[in-house]
Amino acid sequence: MMNIAATDPKRRALGKGLDSLLPRVNVAPAPSPTDSEGGRAREIPLDQIDPNPFQTRSQMNEEQLAELSASITANGVVQPVLVRPLLNGRFQLIAGERRWRASELAGKATIPAILRQVSDEQAMEITIVENLQRADLNPMEQARAFERLSREFHMTQEQMAVRTGKDRATVANFLRLLRLPASVQVRVESGELSFGHARTLLAFEHAEEIEKAAQRIGTLSLSVRQTENYVQGLLHPERASKKDPKPEPPVDPNVREVQDRLQRALGLKVHIEDHHGRGKVIIEYGRLEDFDTLLEQLAGE
62 MMNIAATDPK RRALGKGLDS LLPRVNVAPA PSPTDSEGGR AREIPLDQID PNPFQTRSQM
122 NEEQLAELSA SITANGVVQP VLVRPLLNGR FQLIAGERRW RASELAGKAT IPAILRQVSD
182 EQAMEITIVE NLQRADLNPM EQARAFERLS REFHMTQEQM AVRTGKDRAT VANFLRLLRL
242 PASVQVRVES GELSFGHART LLAFEHAEEI EKAAQRIGTL SLSVRQTENY VQGLLHPERA
302 SKKDPKPEPP VDPNVREVQD RLQRALGLKV HIEDHHGRGK VIIEYGRLED FDTLLEQLAG
362 E
């Protein structure tokens, strides 16, 4: 099997992180906010920073924000935020909105920040890529972020995969979620339906079928596997069981979260069977190419 990391220079660059996207601009030394242009953080008043207009995140967990605020109160901000100077003497946030908002919540007057001179286009791309490299975006937020990279920066799926460190198949699977009716996208965004549920619903061709199935899945609290059987039963009634699916016993939220994260990361169907801390992880693939990609990810090749 070919070692992609060894042959593709773009893959080797992934470890550089966000800093590789941020051009450093040399400016004349002066007692101004550009003191941090060289990479050293400086304290900037919170009330001089404007929010990021290119933010792709539509929801922010208030409980997690409160936890981060408590941590900042006790330990300060560990990682500086990224900002860019504006012509009016203020600053605009590029990356680190949760740290910025949590610092406000903690009653801080300033926040450590690193300045970068970037254009609107660069700021937008940095924001989108930074968000996609996080694990806590919901599936629809990730899908819309990929769509923006495609629409506004004309990136191919392979280019998006390289810039965000994800597999191309994963990018394709997220983009497919945008085919869901708006009402179903809301269910996915709220967490009522998982990434696995959403992928399964895309087997239907018509919006009405997807909406009807999504309603039933929610009513019966079907697992992803039950949803697959239910959808296949509707598509192929000659193979369907005569009995309606019954709700499964509730799944531990932590197990469900890990299962959804694995599905998003691998772009494949994942099922975790957990019994008091012991169990197994089942990863399903439909093509040999998917298996090769999975092997590369798990073996680190």
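So the number in this note's numbering is just where the residue sits in the sequence shown, counting from 1, plus 61.
Ideal placement from N, C-alpha and C gives every residue a C-beta, glycine not left out.
Task: Anticipated Cβ contact below 8 Å, residue 102 with residue 141, distance rounded - done: 4 Å
Task: Nonlocal neighbours in the same chain, by C-beta distance under 7 Å from residue 286, ignoring five residues either side - done: 332
Task: With 16 other Cβ atoms within 10 Å as the buried cut-off, status of residue 226 - done: exposed
TODO: Could you tell me the distance, in whole angstroms, from the CA atom of residue 109 to the CA atom of residue 144?
DONE: 11 Å
Task: Where the alpha helix (DSSP H) containing residue 352 begins and where it ends - done: 349-360
- [ ] Return the first residue and the last residue of the beta strand (DSSP E) that residue 154 is part of.
- [x] 152-156
TODO: Measure from the alpha carbon of residue 159 to the alpha carbon of each residue in 148, 131, 324 and 204, then state which is nearest.
DONE: 131
TODO: Kindly provide the ranges of any beta strand (DSSP E) runs that are 3 or more residues long and lie completely inside the segment 102-134, ordered along the chain.
DONE: 103-106
Task: Alpha carbon of residue 346 to alpha carbon of residue 114, nearest angstrom - done: 39 Å
Task: Inter-residue Cα distance where the pair is residue 281 and residue 265 - done: 19 Å
Open item on the list: If contact is defined by three or more beta carbon pairs under 8 Å, each pair taking one atom from either stretch, is the segment 239-249 in contact with the segment 262-278?
Closed with: yes
Task: Three-state secondary structure (DSSP) of residue 230 - done: helix
Task: Alpha-carbon to alpha-carbon, residue 349 and residue 175 - done: 45 Å
TODO: Going by CA-CA distance only, name the one from 326, 320, 156 and 328 that's closest to residue 342.
DONE: 320
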